[in-house]
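Undergrad: Okay, handing you the structure first.
Number of protein chains: 2
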Amino acid sequence: MTDTLNPEMQTILELDRVIHEPARLVILTVCSSAEEVEFKFLETTTGLSKGNLSSHTSKLEQAGYLEVVKAFRGKIPVTSFKITKTGKAALASYWTALRDAIPNT
Amino acid sequence: MTDTLNPEMQTILELDRVIHEPARLVILTVCSSAEEVEFKFLETTTGLSKGNLSSHTSKLEQAGYLEVVKAFRGKIPVTSFKITKTGKAALASYWTALRDAIPNT
DNA sequence: AAAATCTGGTTTGTATTGCAAACTAGTCTA
DNA sequence: TAGACTAGTTTGCAATACAAACCAGATTTT
Numbered sequence: 002m003t004d005t006l007n008p009e010m011q012t013i014l015e016l017d018r019v020i021h022e023p024a025r026l027v028i029l030t031v032c033s034s035a036e037e038v039e040f041k042f043l044e045t046t047t048g049l050s051k052g053n054l055s056s057h058t059s060k061l062e063q064a065g066y067l068e069v070v071k072a073f074r075g076k077i078p079v080t081s082f083k084i085t086k087t088g089k090a091a092l093a094s095y096w097t098a099l100r101d102a103i104p105n106t
Numbered sequence: 002m003t004d005t006l007n008p009e010m011q012t013i014l015e016l017d018r019v020i021h022e023p024a025r026l027v028i029l030t031v032c033s034s035a036e037e038v039e040f041k042f043l044e045t046t047t048g049l050s051k052g053n054l055s056s057h058t059s060k061l062e063q064a065g066y067l068e069v070v071k072a073f074r075g076k077i078p079v080t081s082f083k084i085t086k087t088g089k090a091a092l093a094s095y096w097t098a099l100r101d102a103i104p105n106t
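For the protein sequence lines, the chains are A and B, in the order given. Every position in the first sequence, counted from 1, becomes a number in the numbering used here once 1 is added. Every position in the second sequence, counted from 1, becomes a number in the numbering used here once 1 is added.
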């Protein structure tokens with residue numbers, strides 16, 4: 002029993018809270034595996050409510066992790082999301098931090 | 002591009018929020034690696050404020066994940082924590098869920 | 001022995017969040 | 001042209017995370 006927390010635990014305390022929220026982690030991870038992802042797709046696949054999804058994507062946009070692309074399909078508005086470089090990097094180091102922290106048994 | 006979220010992402014959306022909070026994850030993980038852990042020890046090692054630490058441990062107690070042991074060392078009160086069976090189980094399945102969700106690259 | 005200080009926490013107040021219900025803006029249908 | 005549908009945003013509220021303030025008692029100082 003020492004007096005210092007092991008480093009992995011420290012990194013957990015410093016995890017990026019924007020990404021740590023499960024809904025946003027999923028959104029970002031989905032976006033990281035495709036060129037561009039539509040709002041509607043995220044809504045149906047994640048099961049998040051529109052409102053909830055909207056605020057999480059806004060937060061990810063504000064953080065600079067997601068780029069929001071507004072377009073029309075015919076006359077119908079379609080909102081899509083693209084992960085940014087910053088977003089990719091942040092996600093990667095989030096996963097890395099976690100991977101290092103998980104007890105390996 | 003399908004219409005179903007992969008299962009790992011689903012489990013992320015269902016993560017135990019009591020454990021997901023970084024402070025509590027650290028507290029619980031530390032407690033899982035020792036018979037009994039003192040408040041003071043957690044305070045100094047984690048760097049959490051007393052108040053913050055107090056409310057997180059209360060929450061873990063309410064969830065049935067931690068047992069709180071109140072005692073005296075001489076005349077000084079000492080509060081210690083022991084992880085419960087439920088707590089151990091919850092922590093284990095939290096880690097498992099995460100391990101399964103982490104992209105393996 | 002009174003006052004001040006220290007120890008070990010708990011409670012309170014506040015700002016931030018996560019969430020869905022309600023709303024907005026426009027399109028399609030009867 | 002009224003009503004329903006699509007695609008999202010905004011609003012209101014309950015729950016959090018956090019530290020400042022507080023409390024009970026032990027110890028030290030004057």
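Beta carbons are placed, not taken as given, at the ideal position from N, Cα and C, and that holds for glycine. In this text the structure is predicted, and so the values were computed from the model without any measurement.
Using the Cα positions of B/E62 and A/E36, report the straight-line distance between them to the nearest angstrom.
TA: 44 Å
Undergrad: What number of angstroms, rounded off, separates the C-alpha of A/M2 from the C-alpha of B/N7?
TA: Confidence at A/M2 is low in this model, with a pLDDT of 45, below 50, so the placement of that residue should be treated as unreliable; the coordinate-derived value is given next. For A/M2 and B/N7, the distance between alpha carbons rounds to 41 Å.
Undergrad: Please name the residue in A/T58, A/L49 and A/V38 whose C-alpha comes closest to that of A/V19.
TA: A/T58
Undergrad: DSSP three-state call for B/E62: helix, strand or coil?
TA: helix
Undergrad: Counting contacts by CB-CB distance shorter than 9 Å, is B/G65 in contact with chain A?
TA: no
Undergrad: Quick one: what does DSSP say B/M2 is sitting in, helix, strand or coil?
TA: Confidence at B/M2 is low in this model, with a pLDDT of 45, below 50, so its placement is unreliable and the value that follows should be read with caution. DSSP places B/M2 in coil when its eight states are reduced to three.
Undergrad: Does the segment 34-48 of chain B come close enough to the segment 8-16 of chain B that 3 or more CB-CB pairs lie under 8 Å?
TA: Taking a cut-off of 8 Å on C-beta distances, the segment 8-16 of chain B does not touch the segment 34-48 of chain B, as fewer than three cross pairs fall below it.
Undergrad: With a 10 Å radius around its C-beta and 16 neighbouring C-beta atoms as the bar for buried, classify B/S81 as buried or exposed.
TA: buried
Undergrad: Hey, could you find the ends of the alpha helix (DSSP H) A/P104 is sitting in?
TA: No alpha helix (DSSP H) contains A/P104, which DSSP labels as neither H nor E.
Undergrad: Apply the 10 Å Cβ neighbour rule to B/T46 and answer buried if 16 or more other Cβ atoms are within range, or exposed otherwise.
TA: Buried is the call here.
Undergrad: Take the Cβ of B/V31 as the centre, count every other Cβ of all protein chains shown within 10 Å, and call the residue buried at 16 or more, exposed below.
TA: It is buried - the Cβ of B/V31 has at least 16 other Cβ atoms within 10 Å.
Undergrad: Which two residues bound the contiguous beta strand (DSSP E) that contains A/K41?
TA: Element bounds for A/K41: not the beta strand (DSSP E) but the alpha helix (DSSP H), F40 to T47.
Undergrad: Does the beta carbon of B/I77 sit closer than 9 Å to a beta carbon anywhere in chain A?
TA: no
Undergrad: Taking its Cβ as the centre, do 16 or more other Cβ atoms sit within 10 Å of A/P23, making it buried, or is it exposed?
TA: buried
Undergrad: Determine, for B/H57, whether the minimum Cβ-Cβ distance to residues of chain A falls below 9 Å.
TA: no
Undergrad: B/L26 by DSSP, collapsed to three states: which one?
TA: Helix at B/L26.
Undergrad: What three-state label does DSSP hand B/L16 in the structure shown?
TA: Per DSSP, reduced to three states, the secondary structure at B/L16 is coil, with no helix or strand assignment.
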